[in-house]
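K.L.:
For the sequence shown, position 68 matches number 83 in our numbering, and the numbering has no gaps at all. Cβ coordinates follow ideal geometry from the N, Cα and C atoms, glycine included. Have a look at this one before I ask anything.
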Amino acid sequence: MLILGIETSCDDTAAAVVQDGSRVLSSVVQNQDDLHSPFGGIVPEMASRRHLEVIDSVVRRAIESATISLEELDLISVTAGPGLVGSLLVGLSYAKGLSYATGLPLVPVDHIQGHLMTLDLAGGTPLPAVSLVSSGGHTTLYHLSAEAPPRVLGTTLDDAAGEALDKAAKMLGLGYPGGPAMEKAALGGNASALELPRPLSGKDTLDFSFSGLKTSLFTWLKREGYFDSTTEGRRLPLSIADLAASFQQAVVDTLIKRCLLALKRTGTPNLLIVGGVARNALLRERAAATAVEEGFQVHFPPPELCTDNAAMIAALGYRQRERAAVDSLDINAYSTKALRSDFLTLSKTGAAKFAKKSAKNSAKIYGGY
Ligand code: KG4
Ligand code: ZN
C-alpha cells in the first residue's frame, strides 16, 4: 500500500511516500529557517504563508522522487493537529483538495503520535516501551503497548526541552533553531563551567520543568552585565561554548533521569527517544551509556526522522488506515497539545475498507501529475 503523508503543523512543509507503513520511498522536508531566523523563533502568520507558497511543489517532489504516479497512491495521511492552526490548515486543506479530486481516502492523524511511532520506519517499534517525545513543543513520556492506547506518564509543567534550548540559544545570540546551534556552540565547551539547576530532580515525579533552568541562565547573564548596552557589558567570565555546554548538559541530564525513572516504574525493557531533540548527539551518547549501565534497550530513529517529517505521518496513516474517509471535507484542524483520543488506534489489524479510488474522471480534475 502506497501512502502519501503531508505535514505542515509548524514551520516545516513536508511530504513523503511510504510503502506499507515502513518503507520510505521519498521524504521531502522544506524548512523555513531562513524566514524565522532573524526573529529568533517562529512567526505563525509568516509560517502559514510560506506553507501555502511551497506545499504544491513539495508534494510533487515527494511523488516524483518516489518514482510513482499519483494514480498509484492508495491513501493520503495528513497531520490534523496539534500545532499552529494556520499552518495545519494549509496541509489539511491541500490534502482534502487532493482527496476530493482523486477520490483517494484521507486519514487525519495526530502529530505527536506520528513522532511516537517513527520507529516503524526504522526496523519497527518495539513494544512495550517507554517513549520520550522531546521536541520544540512537547516533552512527554508515554507508555506504549500493543494492547492499549499510548498512556501519558509525565509531561512538562512549562516549557518543552527544545523550546528551552531555542530560548537559551536566542539569549546567547546563536540564532534559530536553537537546539542544533547550542549543540554546535557547546563543542569544546566545559559542561561543568556554570552550575545550573536540574529542576524537579529531588522529586519523585515523571514530570519535567525547564523554565527555571532558562531563568537561571538569564539571571546569570543579567548579573554579569551581558544585556547592558556598554561594550564592557559583553565581557563574560565564561565562554559561550562553556555556557552552551552547561545548559545542554542540564537538559540532557534531566531527560535521561526521568526516562530511567519511567522505565523502572513501569518495568519496561525498551526506551524510545523521538522528536527533534532526539537528534542531539550528547543525548544519544548519554542514553546509550545509561542503557548499558542499567540494562535496558534504547532506540532512536535516524536523525532525519527525528525532526518534523511527513514519512512518520504516512507510517501512522498506515496503522490508522481503517479510519480513512473518502468524504472527508468536514475534518478540522486542532491546536491543543493533548493527544486526540479518537486518533489513538495503534493496531495493525482491522481490515481497511476503502472505497474504490473514485474514477479517473476526478483525477483528471486535479490534473497536472
Ligand atoms: O520535532 P521537531 O522538528 O518539531 C516539533 O514538533 O516541535 O523539533 C524541533 C525542536 C527544536 O526545539 C529544535 O531546537 C530541537 O528540536 N532540535 C534539537 C536538535 N535538532 C533539533 N535539539 C537539540 N539538539 C539538536 N541537534
Ligand atoms: Zn514535531
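1) Could you check whether P59 and G101 sit closer than 8 Å to each other, using their CB atoms as the reference points?
2) Tell me where the beta strand (DSSP E) around D27 begins and ends.
3) Here's the rule I'm using: 16 or more other beta-carbon atoms within 10 Å means buried, otherwise exposed. How should Q312 be labelled?
4) Tell me which same chain residues have a C-beta within less than 6 Å of the C-beta of Q264, skipping the five on either side of it?
5) By Cβ distance below 7 Å, which residues in the same chain neighbour E239 in space, the five residues on each side in sequence not counted?
6) If you reduce the DSSP assignment to three classes, tell me which class Q263 lands in.
7) For P165, tell me which candidate among R64, S226 and D125 has the shortest Cα-Cα distance.
8) Any chance you could list the alpha helix (DSSP H) runs of at least 4 consecutive residues sitting entirely within the stretch 179 to 252, in chain order?
9) Taking the alpha-carbon positions, what's the M197 to E178 distance?
10) In the DSSP assignment, what are the bridge partners of Q45?
11) Taking the alpha-carbon positions, what's the A306 to L286 distance?
12) Please report the straight-line C-alpha distance between L270 and G282, rounded to a whole angstrom.
13) Measuring alpha carbon to alpha carbon, tell me which of G152, Q45, S80 and T230 ends up nearest E210.
14) Could you say if the stretch 143 to 160 and the stretch 330 to 338 meet the contact criterion of at least three C-beta pairs nearer than 8 Å?
15) Using alpha carbons as the reference points, say which of R338, R76, V341 and L298 lies closest to C321.
16) When you compare each of A304, E309, V44 and V39 to L278 by their alpha carbons, which one comes out closest?
17) How big is the Cα-Cα spacing for Q34 and I18?
18) Could you spell out the range, first to last residue, of the alpha helix (DSSP H) harbouring D387?
19) Using beta-carbon positions only, say whether K272 and S216 come within less than 8 Å of one another.
20) For E178 and chain B, any beta-carbon pair shorter than 8 Å?
21) Using DSSP's beta-bridge definition, name the partner residues of N285.
22) Please report the residue range of the beta strand (DSSP E) in which P123 lies.
23) Cα separation between T94 and A81?
24) Just reading off the alpha helix (DSSP H) that S108 is part of, what are its end residues?
25) Please determine whether the Cβ atom of G129 lies at a distance below 7 Å from any heavy atom of the ligand KG4.
26) On the DSSP bridge assignment, give the partners of I21 in chain order.
27) With respect to the beta strand (DSSP E) encompassing A144, which residues constitute its N-terminal and C-terminal limits?
28) Grab me the residues of D173's own chain with a C-beta within less than 6 Å of its C-beta, minus the 5 sequence neighbours each way, in chain order.
29) Would you please state the rounded distance, in angstroms, between the beta carbons of M327 and L136? I believe it to be under 8 Å.
30) How is Y333 classed by DSSP in three states: helix, strand or coil?
31) Can we count D323 as close to the ligand ZN, meaning its CB is less than 7 Å from some heavy atom?
32) Determine, using beta-carbon pairs with one atom in the stretch 112 to 125 and one in the stretch 142 to 154, whether at least three such pairs fall under 8 Å.
33) Give the single residue among D345, S350, T351 and V341 whose Cα lies nearest to the Cα of L121.
34) Between H126 and the ligand ZN, is the CB less than 7 Å from at least one heavy atom?
35) Is any heavy atom in the ligand KG4 found nearer than 7 Å to the beta carbon of G227?
P.N.:
The short version:
1) Taking the sequence shown and counting its residues from 1, the one referred to as residue 101 is at position 86. Taking the sequence shown and counting its residues from 1, the one referred to as residue 59 is at position 44. Contact flag set, yes.
2) One-based indexing of the sequence shown puts residue 27 at position 12. Element bounds for D27: D27 to Q34.
3) As a working note, residue 312 is residue 297 in the sequence shown. So Q312 ends up on the exposed side.
4) By one-based count along the sequence shown, residue 264 stands at place 249. Only A206 meet the Cβ criterion.
5) In the sequence shown, counting from the first residue as 1, residue 239 sits at position 224. The residues are L251 and P252.
6) Reading the sequence shown from its first residue, position 248 is the one you call residue 263. It is helical.
7) Residue mapping note: residue 165 aligns to position 150 of the sequence shown, counting from 1. Of the candidates R64, S226 and D125, the one whose C-alpha sits nearest the C-alpha of P165 is D125.
8) DSSP runs (the alpha helix (DSSP H)) wholly in the stretch 179 to 252: 193 to 201 and 226 to 238.
9) Walking along the sequence shown from the start, residue 197 turns up at place 182. Walking along the sequence shown from the start, residue 178 turns up at place 163. Roughly 12 Å separates the two Cα atoms.
10) In the sequence shown, the residue the question calls residue 45 occupies position 30. Q45 is bridged to T28.
11) The count along the sequence shown starts at 1 and reaches residue 306 at position 291. The count along the sequence shown starts at 1 and reaches residue 286 at position 271. A direct Cα-Cα distance of roughly 9 Å separates A306 from L286.
12) Here the question's residue 270 lines up with position 255 in the sequence shown. Here the question's residue 282 lines up with position 267 in the sequence shown. Rounded to whole angstroms, the separation of the alpha carbons of G282 and L270 is 18 Å.
13) The residue given as residue 210 occupies position 195 in the sequence shown. Comparing Cα-Cα distances from E210 to each of G152, Q45, S80 and T230, the minimum goes to T230.
14) Touching, no, given that fewer than three Cβ pairs across the two stretches are closer than 8 Å.
15) The sequence position of residue 321 within the sequence shown is 306, counting from 1. Checked all of R338, R76, V341 and L298; the closest Cα to C321 is L298.
16) On the sequence shown, residue 278 is found 263 positions in, with the first residue counted as 1. Measuring from the Cα of L278, the nearest candidate turns out to be E309.
17) Numbered from 1 along the sequence shown, position 19 holds the residue referred to as residue 34. Numbered from 1 along the sequence shown, position 3 holds the residue referred to as residue 18. The alpha-carbon atoms of Q34 and I18 are separated by roughly 6 Å.
18) Because the chain here runs from 16 to 384, residue 387 falls outside it and cannot be looked at.
19) Taking the sequence shown and counting its residues from 1, one reaches residue 272 at position 257. Taking the sequence shown and counting its residues from 1, one reaches residue 216 at position 201. Contact flag set, yes.
20) Absence of chain B from the displayed structure is noted, only one protein chain being present.
21) Taking the first residue of the sequence shown as position 1, residue 285 is located at position 270. Its beta-bridge partners are Q312.
22) For the purposes of this step, residue 123 is taken as the residue at position 108 of the sequence shown. Looking at the DSSP string, the run of the beta strand (DSSP E) that includes P123 is L121 to D125.
23) As a working note, residue 94 is residue 79 in the sequence shown. As a working note, residue 81 is residue 66 in the sequence shown. Linking T94 to A81 through their CA atoms gives a straight-line distance of about 20 Å.
24) Within the sequence shown, the letter at position 93 stands for residue 108. Looking at the DSSP string, the run of the alpha helix (DSSP H) that includes S108 is V100 to T117.
25) Locating residue 129 in the sequence shown gives position 114, counting from the first residue. G129 Cβ: outside cutoff for every heavy atom of the ligand KG4.
26) In the sequence shown, the residue the question calls residue 21 occupies position 6. Bridge partners of I21: A30 and V93.
27) Sequence index remark: in the sequence shown, residue 144 carries index 129 (1-based). Membership of A144 in the beta strand (DSSP E) is indicated by the continuous run A144 to S149.
28) For the purposes of this step, residue 173 is taken as residue 158 along the sequence shown, with counting starting at 1. Cβ neighbours of D173 within its own chain (closer than 6 Å, five residues either side excluded): S224 and S226.
29) By 1-based counting over the sequence shown, the position of residue 327 is 312. By 1-based counting over the sequence shown, the position of residue 136 is 121. Contact holds; Cβ gap of about 7 Å.
30) Here residue 333 refers to the residue found at position 318 of the sequence shown. The answer is helix: DSSP assigns Y333 an H, G or I state.
31) Here residue 323 is taken as the residue at index 308 of the sequence shown, counted from 1. Correct: D323 has its Cβ closer than 7 Å to the ligand ZN.
32) Not touching, per the Cβ criterion.
33) Numbered from 1 along the sequence shown, position 106 holds the residue referred to as residue 121. For L121, the nearest C-alpha among the options comes from V341.
34) As a first step, residue 126 must be located in the sequence shown, where it is residue number 111. Yes, the ligand ZN has a heavy atom inside 7 Å of this Cβ.
35) For the purposes of this step, residue 227 is identified with residue 212 of the sequence shown, where counting begins at 1. Not so, every heavy atom of the ligand KG4 lies at least 7 Å from the Cβ.
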